[in-house]
Every structure is written in structure tokens, then in C-alpha cells.
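Note sheet for the following structure.
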Amino acid sequence: CECNKRLCYIVELHVPVCSCCCVFSGDLLVLTVATQETDGFRRFLRSAKHFNYTIKVLGRGESWKGGDYMSPPGGGQKVRLLKSALEDIQDENRVILLVDSYDVIFSSGPRELLKKFQQAKHRVVFSAETLIWPDRHLEDKHPHVREGKRFLGAGGFIGYAPNLKQMLSDWSGADSDSDQLFFTKLYINPEKRKSINITLDNKCRLFQNLHGALDEVVLKFEDGRVRARNVLYNTLPVIIHGNGPTKLQINYLGNYIPHLWMFETGCTLCNEGLRPLSGLQESQYPMVVIGIFIQQPTPFVSVFFERLLNLKYPKNRLQLFIYNQELHHEPHIRSFLEYHESEYQGVKLIGPEEDIDPLTSRDIGFDMCRDNIDCEYFFSIDVDVVLKNEDMLRILIELNKPFIAPMMTKPGRLWTNFWGALSADGYYARSEDYMDIVKGRRMGLWNVPYISHIFLIKADTLRTDLKDPDLFESATLDPDMAFCSKVRNKVRQYTQITRRNKIHSNQLYSQSMSSRHISLYKPDEQPALRPHHDASTFTINIALNQLGIDYQVSENMAVMLGSAIHRFLFVKCLLLSVLFKVHFYIVLIENLVFLVSVNHGLLLFCSVV
Numbered sequence: 001c002e003c004n005k006r007l008c009y010i011v012e013l014h015v016p017v018c019s020c021c022c023v024f025s026g027d028l029l030v031l032t033v034a035t036q037e038t039d040g041f042r043r044f045l046r047s048a049k050h051f052n053y054t055i056k057v058l059g060r061g062e063s064w065k066g067g068d069y070m071s072p073p074g075g076g077q078k079v080r081l082l083k084s085a086l087e088d089i090q091d092e093n094r095v096i097l098l099v100d101s102y103d104v105i106f107s108s109g110p111r112e113l114l115k116k117f118q119q120a121k122h123r124v125v126f127s128a129e130t131l132i133w134p135d136r137h138l139e140d141k142h143p144h145v146r147e148g149k150r151f152l153g154a155g156g157f158i159g160y161a162p163n164l165k166q167m168l169s170d171w172s173g174a175d176s177d178s179d180q181l182f183f184t185k186l187y188i189n190p191e192k193r194k195s196i197n198i199t200l201d202n203k204c205r206l207f208q209n210l211h212g213a214l215d216e217v218v219l220k221f222e223d224g225r226v227r228a229r230n231v232l233y234n235t236l237p238v239i240i241h242g243n244g245p246t247k248l249q250i251n252y253l254g255n256y257i258p259h260l261w262m263f264e265t266g267c268t269l270c271n272e273g274l275r276p277l278s279g280l281q282e283s284q285y286p287m288v289v290i291g292i293f294i295q296q297p298t299p300f301v302s303v304f305f306e307r308l309l310n311l312k313y314p315k316n317r318l319q320l321f322i323y324n325q326e327l328h329h330e331p332h333i334r335s336f337l338e339y340h341e342s343e344y345q346g347v348k349l350i351g352p353e354e355d356i357d358p359l360t361s362r363d364i365g366f367d368m369c370r371d372n373i374d375c376e377y378f379f380s381i382d383v384d385v386v387l388k389n390e391d392m393l394r395i396l397i398e399l400n401k402p403f404i405a406p407m408m409t410k411p412g413r414l415w416t417n418f419w420g421a422l423s424a425d426g427y428y429a430r431s432e433d434y435m436d437i438v439k440g441r442r443m444g445l446w447n448v449p450y451i452s453h454i455f456l457i458k459a460d461t462l463r464t465d466l467k468d469p470d471l472f473e474s475a476t477l478d479p480d481m482a483f484c485s486k487v488r489n490k491v492r493q494y495t496q497i498t499r500r501n502k503i504h505s506n507q508l509y510s511q512s513m514s515s516r517h518i519s520l521y522k523p524d525e526q527p528a529l530r531p532h533h534d535a536s537t538f539t540i541n542i543a544l545n546q547l548g549i550d551y552q553v554s555e556n557m558a559v560m561l562g563s564a565i566h567r568f569l570f571v572k573c574l575l576l577s578v579l580f581k582v583h584f585y586i587v588l589i590e591n592l593v594f595l596v597s598v599n600h601g602l603l604l605f606c607s608v609v
């Protein structure tokens, strides 16, 4: 060896090489920027710890001034912090990996990372993307590649310390300037690119950016391991980055990677950070405010309160907030309170005579917990929930999550109280694992974008990130969707659902009647309607005008859609039955009745007499 240094042996190549060409895992330092601790940051640290990465966090305690992924500028603060941190590193052989943290997970360890870095045969390697951002006018200046992604992504790069120092020496921007634009201009400058020795990870061997590549990435379960696989290039990226508007997809992958859920072991996350209640005296149990919400006539309300009484939790550590909007249910509530109010630490009742709307009632319930310094949790339950597991409240508390819900199902149906994914417009989409979770083939703890009907939230979260009074209000979203959206975006914590025990909600009238209901939509709300999320049923939306008063319809008009004829109940049109499931709107506009199929783009009409 000409450099007179010890030899190292690379097993994969089966040849001895000089150690000056060989990088050991101890030579790697991971730098990341995190000004505050979120669930995403804790997920990043968990994955790094799993693979024994050495992490140094920059920017703790600072206020973030670098913008966010929704606006083009930003990220300059990250460059400033990195430049400062590199000044203290004198080892020329030190390899530095800089990655984001809130939306990044590791899927393999330092050895594989460094091996792939060496195989790139460059001193600095950036992640690559299909999409160019933030300046599309620079597209023609990027080097062409025969195969792979062409554009630089600033969310992750790896290189030797001297080369990174050289790369950052020209930085003099503000914290609000774009790091992406700064690194892009370096890369498209041929002289800079050559002198610093920069290349891109075109085939996602090191970095996988999800933005613009969701169809390329799938989970791969193999030999007791779970990885993200890029099916386009047949590679196994070491680092997964949910950049841009792909936060929900990184959350989905983070349910499994690294080794959080596997077929061989099941859920490993379920046993982390628990808060055991066994062995505690009753006075030591967390104080919980249970919010009960009755917003519509519901059968078996007395049975609901019986099940509430059966919860295995000290009643002197429970306070009740009861919101009732229905006069019909006042006797049920009075009967319950007459015999059991004294068993609880406190009870607050809001009845229909107070004329408080449902959205305000939710905020009042939260305030009952926020304003009580002893309150540690708020447990929200809609009255149509049938809580069959008497240990449910204990189980949720012991899992020790900021926001968590049990999975609720309707027997024999695919309906649940959670969504595994969201569509582009923010409504229901079915995740790849939804059916396996619902049918019990995958049991565990899942990060999901939407839950409803029942959830447990920590009081500290209500007092800090969720202290605004309009959590359920939105101009475009339903109240439950608005609330979940604010939990995701404002709190930056997970809405987690556990599949350890079922809660059934099939008590609405009867099994057949429970699958049908009528919802009233005002004319200005009609454009916001979306197809129903339950794929096993269909929805018919009908204008409830009164025949003979609001309009008249002739008996002989018909719309040809199939083979068998049925009479519509609300509009005396004769409709042929449909051979496929369709979402219809029947709308009366001036002198025409419009029949609109949302699914198939049909627009049929019959004239009004």
C-alpha cells in the first residue's frame, strides 16, 4: 500500500484495498436540524437509534425562520447551522450526512449507507427528484441522465467534510432564503460541480424522496425485515424522505419501517414508552374528563350509560361532561345522574334548553379539562358508540400517546372509525393495509390521518398546541375532518389508532336500518358533496321538495338506465334500476329535474310539467 496505512478488507469485493479508500461506520456523523420536538422528530431518532447512527441535532431552542414546504423560499437557516457545525470538524476523512428529521426515517444502517456512498465514486452525493423546484426555468441547465432522476433534492446529502466546507463557503444568505435553490445553482454550475465533485443519487440507492414518486415505492417484507423498495429502479433506499406534500405517505411507511411491524413479530412499537397503571392506588390514577356527546336521537342510550358505569377505572378519578341536544333523551340522563352522579368527581351537563351548537359543545368539553390543572386526559365518546371492552380506557392511557383512538367497527361490514389514507382533495382513500387492519390480519398501533366517534387526547396537548377555540370549524371540511386536519398540521403529532380491541357501533335502530340515513344539505353545501367513503354501499342524495307544493312532475317521464322499473318515493319519476353502484344527485333547477351520476359522469334530466 503506497500510503503506508493499514489494509482493510471489503467482504463484498473480496479484495484488499487501502484504508484511505475505505470508510468505517465510526467515521460517519449525521447532522439534522430540529428546533422543536415533535412525533416526527421522535420517529426519526427512533429509527436512527435502531441502526446505531451517531446523531447531532442543530438548532434546538431556536425559533424556526426557514419557512415550510408549502412556500417556495425557505431552508436557509438549515444551511447556516450546517456551515457553523462544519467549522468544528477537522478530520478530513469524516463523512457527514445531512438530512431533515421531521419527515425522514432510516431503513438500514451506516454500513450499507457508506458502502453505497463509496460506490457512487464522488465526494458529495445529493438526493435526486423527478420534479424541479423552486425555479423551473433552470430545468435546461441540469445535466441529462440516461436513466434515473435528474433534479437535485436538498433534503438529504452525504459527503466528506472538506468538500462540504468548500460547498458551503459561498453561503451568505438569510435564514428565509432557499437552500434548495442555493444547492441547485451549485450543481448546475459545471466548474463548481467538478471542483466539489458532486453527483446525484439518480436511482434512489441512498435517498428516496417521495414527492413525485409515490407510485414507485412499496413495502418489502423479507426474512424478518421490512424495507421500502423502489420498483422503478429495483433499489432499496437507505433513507426515506416524505418531502413536500407526502407527509401522510411517510407516516404510512413509518408504521412499518424500521421493523415496527412485521409478520413474524407483529407490533414492536406497542411495547415502547408505556405508562403502566397496574399497582397504582386509585388516588394515583390519572384524572380523566369523559366527554359524552348526544347530537341526535339514538336508541339504547340507557345501555350506553350502563356500559360507561362498567368501565374498570376509579370513578373518583373521572369527571363527566355531558352534552345533550335532544329533549327525548333528558329522562335517560336524569335517571343516570340521579343514581350515579355522586360516584364521579364532578359532572357538567349541557341540555337542549341552553341552545348550544355541537361545535361549541366540543370546545366547552375541552375547556373543562384545560382549566382543571389536575386533568391529564380528555376521553371523547359519541353516544352511538358501544364500548364492549371494560378495560378500554386503561389500555389507551397505558399506551401513553398524545392522541389515540381504539378501532371501532360494524360487524359484517367494512365500516370503521378511521381512514388509512386521504385522497388529493382531503377525503377518504383506502390505504394498502386498510383491509388487513379491519379484518384483524394486522394487529397493532397505526398512524392514520383521520379518526372519529371516540378518542383519547392528553391534556397537555389541549393546553398547548390545541388551545384555539375553533378546532372543529372549517369553511370546506366537516367538523370531524377539520379537527383531524388541525391535529395533523398544527400539533404535528400522529392520530394513532389501536387495533388491539374492537368497539362496535351497530346499535343504531336495527342492523338493516343502521345502514341507511338521511342527511340534510343546504343548496350552498351541495357542491361540496363527495362520494361516500364506504365502498360496500352506495349513496343517493335526493332533494326533499314537497310534490304538489314546490313542484309537479308528470307520471310518464322516465330515464332509461337498465332493465327493471322502480318508482322513486320523493320525485314521481320512473327510474330503471341500475346494474352497477352509482352515486346520484337529484336536483330541481327551474323547470328541470336533473339526475346526476357522480361516479360515471352521467347527466340525465326529465322535464317538469
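The sequence shown maps to residues 1 to 609 in this note's numbering.
Backbone N, C-alpha and C fix where the C-beta goes; we use that ideal spot for every residue, glycine too.
Cα-Cα separation between residue i and residue j, rounded to whole angstroms
i, j, result
"residue 36", "residue 61", "7 Å"
"residue 68", "residue 457", "26 Å"
"residue 422", "residue 450", "8 Å"
"residue 284", "residue 312", "15 Å"
"residue 361", "residue 403", "20 Å"
"residue 581", "residue 431", "In this prediction, residue 581 has a pLDDT of 40, which is less than 50 and means its spatial position is unreliable; what the coordinates show is noted afterwards. Cα-Cα distance, rounded: 22 Å."
"residue 117", "residue 95", "10 Å"
"residue 270", "residue 237", "26 Å"
"residue 414", "residue 441", "14 Å"
"residue 240", "residue 158", "14 Å"
"residue 490", "residue 38", "11 Å"
"residue 205", "residue 235", "6 Å"
"residue 44", "residue 330", "50 Å"
"residue 418", "residue 148", "37 Å"
Beta-carbon proximity list for residue i, same chain, < 8 Å, skipping 5 on both sides
i, result
"residue 144", "150"
"residue 355", "none"
Residues of its chain near residue i, where Cβ-Cβ distance is below 7 Å and the 5 sequence neighbours each way are ignored
i, result
"residue 383", "292, 293, 294, 298, 301 and 304"
"residue 255", "261, 446 and 447"
"residue 57", "32 and 34"
"residue 416", "407, 408, 409 and 438"
"residue 142", "150, 151 and 188"
"residue 181", "134 and 135"
Secondary structure of residue i, DSSP reduced to three states
i, result
"residue 360", "helix"
"residue 241", "strand"
"residue 116", "helix"
"residue 497", "strand"
"residue 343", "helix"
"residue 205", "coil"
"residue 25", "helix"
"residue 583", "Low local confidence applies: a pLDDT of 44 at residue 583 is under 50, so the model's placement there is unreliable, with the coordinate-based value given in what follows. Residue 583: coil per DSSP, three-state reduction."
"residue 482", "helix"
"residue 393", "helix"
"residue 214", "helix"
"residue 195", "helix"
"residue 511", "Below a pLDDT of 50, predicted positions are generally treated as unreliable, and residue 511, at 36, falls in that range; the measurement from the model is reported next regardless. Note: residue 511 maps to coil in three-state DSSP."
"residue 162", "helix"
"residue 30", "strand"
"residue 279", "coil"
"residue 533", "Bear in mind that a pLDDT of 48 at residue 533, under 50, signals an unreliable position, so the number given afterwards is only what the model happens to contain. In this structure, residue 533 counts as coil in the three-state DSSP scheme."
Residues of its chain near residue i, where Cβ-Cβ distance is below 6 Å and the 5 sequence neighbours each way are ignored
i, result
"residue 380", "291 and 455"
"residue 273", "400"
"residue 47", "105, 106 and 258"
"residue 77", "65, 66 and 175"
"residue 162", "92"
"residue 363", "469"
"residue 372", "none"
"residue 365", "291 and 321"
"residue 88", "none"
"residue 471", "483 and 486"
"residue 201", "125, 127, 128 and 207"
"residue 315", "343 and 344"
Any C-beta of chain D under 8 Å from that of residue i
i, result
"residue 430", "No chain D appears in the structure shown, which is made up of a single protein chain."
Per DSSP, the bridge partner or partners of residue i
i, result
"residue 419", "450"
"residue 235", "230"
"residue 376", "In the DSSP output, where bridge partners are listed per residue, residue 376 has none listed."
"residue 156", "99"
"residue 324", "294"
"residue 171", "Answer is none; residue 171 lacks a bridge partner."
Entirely within the stretch 35-95 and at least 4 residues each: give me those alpha helix (DSSP H) ranges in chain order.
39-50 and 76-86
Would you mind listing the alpha helix (DSSP H) stretches within the stretch 433-462 that are 4+ residues and don't spill past its ends, in chain order?
434-438
Ranges of the beta strand (DSSP E) found wholly within the stretch 115-151, counting only runs of at least 3
124-129
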